[in-house]
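Q: Please find one structure pasted underneath; my questions will follow.
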Amino acid sequence: MHSTITRASVTAATAATLILAACGSAAAHVTVDAPGAAQGGYSVATFRVPTESDTASTTALTVTIPNVRSVRTEPLPGWSARVDKNPAGEVTAVTWTADPGNPGVGPGQFQRFVVSIGPLPKEHEVSFPAAQSYSDGSVVRWDQPAEADGSEPERPAPSLHLAEASSDGHSHGTESTEAAASDGTDETARWLGGIGLALGLFAVALGLGSVLRGRRS
8 MHSTITRASV
18 TAATAATLIL
28 AACGSAAAHV
38 TVDAPGAAQG
48 GYSVATFRVP
58 TESDTASTTA
68 LTVTIPNVRS
78 VRTEPLPGWS
88 ARVDKNPAGE
98 VTAVTWTADP
108 GNPGVGPGQF
118 QRFVVSIGPL
128 PKEHEVSFPA
138 AQSYSDGSVV
148 RWDQPAEADG
158 SEPERPAPSL
168 HLAEASSDGH
178 SHGTESTEAA
188 ASDGTDETAR
198 WLGGIGLALG
208 LFAVALGLGS
218 VLRGRRS
């Protein structure tokens, strides 16, 4: 009976490890999220930046912008933001830099950098190549496109899939996209919590079943 319970626990732990490993792999990349983003519309985009180094902190992030007319950065305590434009007045890049005295994003931590952006290109997918600078002087570039076979490269560029423009031709406002972003975050938390609960119940059920079979025998 003891060996059966042990096997059940190992099975549940292995499943949990695989799921967390998959989530951790995706979380290790610089990513961008903008729920409800549509072609030609405005959206609130959140760049999630984890520090992968074990010895250095993230002190700056530069994101290449696909020549849009409007980009506004959300105030972030301890960080300064610079918006670069081309001669036509289009935004080409945004750079966040840790202020003096701010150690940056330490090992094992992550930071969100938020912008209001638009009108978005009328394309199905838009990329935001990024350069992540560390306190030791190293720079990691997240600028690789997807592989021809659809697999993910080592350092993929953050990208968004854009929905088709609405039939009425109206742009999406920032207020609605902020609400969508909040809903998306809550949904992710509920999804991960549900996985943990299901794995725990699975392990308990196997253990109880083993105990009952042992008593009957």
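Residue numbers (the working numbering): 8 to 224.
From the three backbone atoms N, C-alpha and C, an ideal C-beta is built for every residue, glycine too.
Would DSSP call Thr58 helix, strand or coil?
A: Thr58 falls in the coil class under three-state DSSP.
Q: Checking 8 Å against the spacing of the C-beta atoms, do Ala164 and Phe135 come in under that value?
A: The answer is yes: Cβ separation under 8 Å.
Q: Compare the C-alpha of Ser64 against each of Gly111, Leu169, Ile124, Val133 and name the closest.
A: Among Gly111, Leu169, Ile124, Val133, the Cα nearest to that of Ser64 is on Gly111.
Q: Once you ignore the five residues that flank Ser142 on each side, which residues in its own chain have a CB closer than 7 Å to its CB?
A: For Ser142, where only same-chain residues beyond five positions count, the Cβ hits under 7 Å are Ala63, Ser64, Thr66, Gly111.
Q: Please name the residue in Thr58, Pro84, Asn74, Glu59 whose C-alpha comes closest to that of Ile124.
A: Out of Thr58, Pro84, Asn74, Glu59, Asn74 has the C-alpha closest to the C-alpha of Ile124.
Q: Determine, using beta carbons only, whether Gln116 and Leu68 come nearer to each other than 8 Å.
A: In this structure, Leu68 does not lie closer than 8 Å to Gln116 by Cβ.
Q: At the level of alpha carbons, what is the spacing between Arg162 and Asn109?
A: Taking the straight line from one Cα to the other gives about 26 Å.
Q: Rounded to a whole number of angstroms, what is the C-alpha to C-alpha distance between Phe54 and Ala95?
A: Their backbone Cα atoms lie some 25 Å apart in a straight line.
Q: Can you list, in chain order, the residues of its chain whose CB lies under 8 Å from that of Thr99, leaving out five sequence neighbours each side?
A: Only Thr71, Ile72, Asn74, Asp91, Lys92, Asn93 meet the Cβ criterion.
Q: Could you tell me which of Val101, Ala35, Ala44, Glu59 sits nearest to Ser145, measuring between CA atoms?
A: Looking at the Cα atoms, Glu59 is the closest of the given residues.
Q: Applying the criterion that 16 or more other CB atoms from any shown protein chain within 10 Å of the CB defines a buried residue, is Ala155 buried or exposed?
A: The residue in question, Ala155, is exposed, as its Cβ has fewer than 16 Cβ neighbours within 10 Å.
Q: State the beta-bridge partners of Phe120 as determined by DSSP.
A: Bridge partners of Phe120: Phe54.
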